[in-house]
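Asker:
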Amino acid sequence: MFSFLSDLANAHRNGINAGITSVCSAHPLVVRAALRRGRAFNQIVLIEATCNQVNQFGGYTGMTPADFVAFVQAIAREEGFDRSRLIFGGDHVGPIPWRKLAAEEALGNAETMVADYVKAGFTKIHLDASMGCAGEPAALDDEVTAQRAARLAKAAENAAATSGFALPHYVIGTEVPVPGGADHELTEVTPTDPAAARKTIVIHRERFAREGLQQAFDRVIGLVVQPGVEFGNENVIEYRPDRAANLTEVLADEPQFVFEAHSTDYQTRGSLSALVRDGFPILKVGPGLTFALREALYGLDLIASELLPDYGDRSLARAMEKLMLEKPAHWASHYHGTDTALHVQRHYSYSDRIRYYWTEPDAIASVDRLINTLRGTEIPETLLRQFLPSLGTDTGASYDPETILISAIDRVLADYSAACDWYPHSAATRREVWTPTIL
Numbered sequence: 233m234f235s236f237l238s239d240l241a242n243a244h245r246n247g248i249n250a251g252i253t254s255v256c257s258a259h260p261l262v263v264r265a266a267l268r269r270g271r272a273f274n275q276i277v278l279i280e281a282t283c284n285q286v287n288q289f290g291g292y293t294g295m296t297p298a299d300f301v302a303f304v305q306a307i308a309r310e311e312g313f314d315r316s317r318l319i320f321g322g323d324h325v326g327p328i329p330w331r332k333l334a335a336e337e338a339l340g341n342a343e344t345m346v347a348d349y350v351k352a353g354f355t356k357i358h359l360d361a362s363m364g365c366a367g368e369p370a371a372l373d374d375e376v377t378a379q380r381a382a383r384l385a386k387a388a389e390n391a392a393a394t395s396g397f398a399l400p401h402y403v404i405g406t407e408v409p410v411p412g413g414a415d416h417e418l419t420e421v422t423p424t425d426p427a428a429a430r431k432t433i434v435i436h437r438e439r440f441a442r443e444g445l446q447q448a449f450d451r452v453i454g455l456v457v458q459p460g461v462e463f464g465n466e467n468v469i470e471y472r473p474d475r476a477a478n479l480t481e482v483l484a485d486e487p488q489f490v491f492e493a494h495s496t497d498y499q500t501r502g503s504l505s506a507l508v509r510d511g512f513p514i515l516k517v518g519p520g521l522t523f524a525l526r527e528a529l530y531g532l533d534l535i536a537s538e539l540l541p542d543y544g545d546r547s548l549a550r551a552m553e554k555l556m557l558e559k560p561a562h563w564a565s566h567y568h569g570t571d572t573a574l575h576v577q578r579h580y581s582y583s584d585r586i587r588y589y590w591t592e593p594d595a596i597a598s599v600d601r602l603i604n605t606l607r608g609t610e611i612p613e614t615l616l617r618q619f620l621p622s623l624g625t626d627t628g629a630s631y632d633p634e635t636i637l638i639s640a641i642d643r644v645l646a647d648y649s650a651a652c653d654w655y656p657h658s659a660a661t662r663r664e665v666w667t668p669t670i671l
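The number in this note's numbering is simply the position in the sequence shown, starting from 1, with 232 added.
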C-alpha cells in the first residue's frame with residue numbers, strides 16, 4: 233500500500249503539482265484503459281466505487297465490495313499491472329442507498345457496508361453521512377453529519393483491526409455537485425464558502441476526538457468541497473481559479489488536508505492542471521469516461537452500418553433506445569422536455585445516464601455483436617475520419633474495435649495524467665524533490 237495519498241498535502245505545500253485521477257467507474261473497458269495507462273506510464277491507479285454502485289446487497293452493478301476488488305484485480309492480471317500500485321476507494325460511503333429508511337436502520341446498513349469495503353481491501357474511504365433519512369431534513373447539519381461520520385469511521389477502524397487489512401485513509405465533507413450532473417442548464421456554480429470548509433474540519437476533528445478516533449482523524453487526507461465545476465445535460469461549467477482563490481487559502485491553515493474535486497468530467501486539460509495546482513489534487517471522473525466510450529461505440533455502430541450491410545442500420549443505438557424506454561428508472565426523473573429532447577438526452581447528455589445500461593444483458597449482447605462484427609475487418613481510414621474524427625488514425629493499423637474503444641477512453645485519461653504530472657519519468661527534478669513512498 234502507498235502513503236502516496238497522505239503525501240499529497242506535503243507535495244502541495246512544496247509547490248509540486250502532484251495529483252491522482254480517481255476513476256469512478258465499474259465498466260470493464262474503462263477499468264482496462266486506466267490500468268493499461270497505469271502500466272505504460274508506471275502510474276499509481278485509483279479505482280473508486282460508489283455506495284449505490286457497490287455494497288453488501290450488490291448495488292446497481294450486482295457487486296459486493298469483495299466482488300468489485302476481484303473484478304478489478306482480474307483485469308489487472310490480464311493487463312500485467314502491478315497490483316501493489318492499485319488503490320481502491322469507496323465514494324459517498326454512508327446511508328445514502330437507504331435514505332428512505334429510518335436513520336438507525338440506514339446507519340446500521342452503512343456500518344456493515346463500510347466494514348465490508350475495508351475488509352475487501354479498500355484503503356480510501358469518503359465518509360458521507362450528510363443526507364437525511366426518513367423523517368429528517370434532506371441535508372443534515374455539520375454536527376449530525378460529523379457524529380455519523382465518526383460512527384462509520386469507528387466501524388471501518390474495527391474492521392481493519394480484526395481483518396488485518398490496512399487502516400484506511402479518509403475523506404470528509406459533502407458539498408459536492410449533484411451526482412451524475414445537474415438536470416438543467418447551468419450558468420455558474422458558486423465555490424464552497426471558506427468559512428464553511430473550516431467549520432466542517434473543526435467539527436469533524438472535535439467529534440472524532442470525542443469518540444476516541446484521533447488516530448483515525450490523523451488519516452483524514454482530504455475535504456470534499458465545491459471548486460465551482462459542474463456539468464449539466466448540455467453544458468459544462470469550467471473551473472475559474474479566481475473564484476476559488478479564497479477557498480484554496482484554507483489549506484494554508486490546515487496542512488493535513490488537500491481538497492477532493494468531484495464532477496471534474498469534461499474539464500479541459502488546462503482547468504484540470506489549475507485544479508491540481510490550487511490544492512485539488514484528487515480529481516474524480518466517471519461519466520466523462522463512459523461518455524467517451526459511448527461516443528466511440530456509436531461511431532463504430534455507424535461504421536458497421538456503412539461497411540457491412542448485414543449488420544443493420546445503427547443496430548446498437550436502436551437496441552439502447554429500446555432498452556432505455558423499457559427500463560426508464562435511471563433517466564426518467566433526470567431528463568426533461570419534448571420527445572425529441574428526451575431522445576437526445578437519453579443518448580447524448582453529458583450526465584451520461586446511459587452508462588447505467590451497459591451492464592444489461594441486451595446491451596452486452598449488442599456491444600459484443602458490434603465488436604465481433606468489426607473484428608478482423610479493415611476499416612477504411614476515411615470512415616474513421618467521418619465517424620470518429622477525434623481519434624485520428626493512430627489507433628492501430630488493424631483498427632481493432634476494442635483498441636479503438638480503449639483509445640477513446642485513454643484520450644480523456646491522458647488529460648488527467650497531464651494535470652497530475654508528478655510521475656518520475658516526466659521530470660527527473662521532481663524525483664529528487666518528492667517521490668511517493670511505498671510502505
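Every residue gets a Cβ at the ideal spot worked out from N, C-alpha and C, and that includes glycine.
Given the structure is predicted, the values throughout are model-derived calculations rather than measurements.
#1: Per DSSP, what are the beta-bridge partners of S254 in this structure?
#2: Is the distance from the Cβ of G326 to the Cβ of C283 below 8 Å?
#3: Taking 8 Å as the threshold (C-beta atoms), are V263 and I307 in contact?
#4: By DSSP, does F303 sit in helix, in strand, or in coil?
#5: From the DSSP output, which residues share a beta bridge with M363?
#6: With distance defined between alpha-carbon atoms, name the residue in Y582, T406, A388 nearest to V376.
#7: Indicate the three-state DSSP secondary structure (helix, strand or coil) for G326 in the structure shown.
#8: Would the region 500-510 count as touching the region 527-540 if we require 3 or more Cβ pairs under 8 Å?
#9: Find the nearest neighbour of E420 within the set L555, A476, D239, judged by alpha-carbon distance.
#10: With distances taken between CB atoms, is the gap from V434 to A387 smaller than 8 Å?
#11: Which of the three DSSP states, helix, strand or coil, is assigned to N401?
#12: Would DSSP call L445 helix, strand or coil?
#13: Whole angstroms is fine: what's the gap from R271's alpha carbon to V277's?
#14: Determine the extent of the alpha helix (DSSP H) in which G270 is found, giving its start and end residues.
#15: Pick helix, strand or coil for L318, following the three-state DSSP scheme.
#16: On the three-state DSSP scale, how would you describe H494?
#17: Give me, in chain order, the residues of the same chain whose beta-carbon lies closer than 7 Å to that of E443; leave out the 5 immediate sequence neighbours on both sides.
#18: For L557, count the other beta carbons within 10 Å of its own beta carbon; 16 or more makes it buried, fewer makes it exposed. Which is it?
#19: Going by the DSSP bridge assignment, what does E462 pair with across the sheet?
#20: What is the rounded straight-line gap between the Cα of D594 and the Cα of S547?
#21: In or out: S235 buried (at least 16 other Cβ within 10 Å) or exposed?
#22: Could you please give the first and the last residue of the uninterrupted alpha helix (DSSP H) stretch that includes V482?
#23: Given a cut-off of 8 Å on the beta-carbon distance, is the pair L507 and A493 in contact?
#24: Under 8 Å Cβ to Cβ from I638, same chain only, skipping five residues before and after it: list those, please.
#25: Determine contact between the region 615-622 and the region 595-603, defined as no fewer than three beta-carbon pairs at a distance below 8 Å.
#26: Helix, strand or coil for A623, going by three-state DSSP, please let me know.
#27: By a C-beta neighbour count over all protein chains shown, 10 Å radius and 16 as the cutoff for buried, is E610 buried or exposed?
#28: Here's the rule I'm using: 16 or more other beta-carbon atoms within 10 Å means buried, otherwise exposed. How should D323 be labelled?
#29: What is the DSSP secondary structure of R663, reduced to helix, strand or coil?
#30: Please report the Cβ distance between Y582 and Y498, rounded to the nearest whole angstrom; I am assuming they are in contact, meaning their Cβ atoms lie under 8 Å.
#31: Confirm, please, whether the CB-CB distance from F449 to F440 is below 8 Å.
#32: Give the DSSP-derived three-state secondary structure of H579 in the structure shown.
#33: Suppose the cutoff is 8 Å on Cβ atoms and the five residues either side in sequence are ignored; what does the same chain contact list for D373 look like?
#34: If we ignore side chains and look at the alpha-carbon of each, how far apart do A551 and V576 end up?
#35: Under a three-way DSSP split, which group does K554 fall into?
#36: With a threshold of 6 Å on Cβ separation, who are the neighbours of L399 within its own chain once the five nearest residues in sequence on each side are excluded?
Answerer: The short version:
#1: L278, K516
#2: yes
#3: yes
#4: helix
#5: A371
#6: T406
#7: coil
#8: no
#9: A476
#10: no
#11: Residue 401 is actually His in this sequence, not Asn. Here H401 sits in strand by DSSP.
#12: coil
#13: 9 Å
#14: 260-273
#15: strand
#16: coil
#17: A382, K386
#18: exposed
#19: I469
#20: 12 Å
#21: exposed
#22: 482-485
#23: yes
#24: L261, R264, A265, R268
#25: no
#26: According to the sequence provided, residue 623 is Leu. The question's Ala does not apply to it. Correct three-state label for L623: helix.
#27: exposed
#28: buried
#29: Here the model assigns R663 a pLDDT of 37, short of 50, so the residue's position is not dependable and the matter cannot be decided.
#30: 6 Å
#31: yes
#32: helix
#33: none
#34: 15 Å
#35: helix
#36: A392
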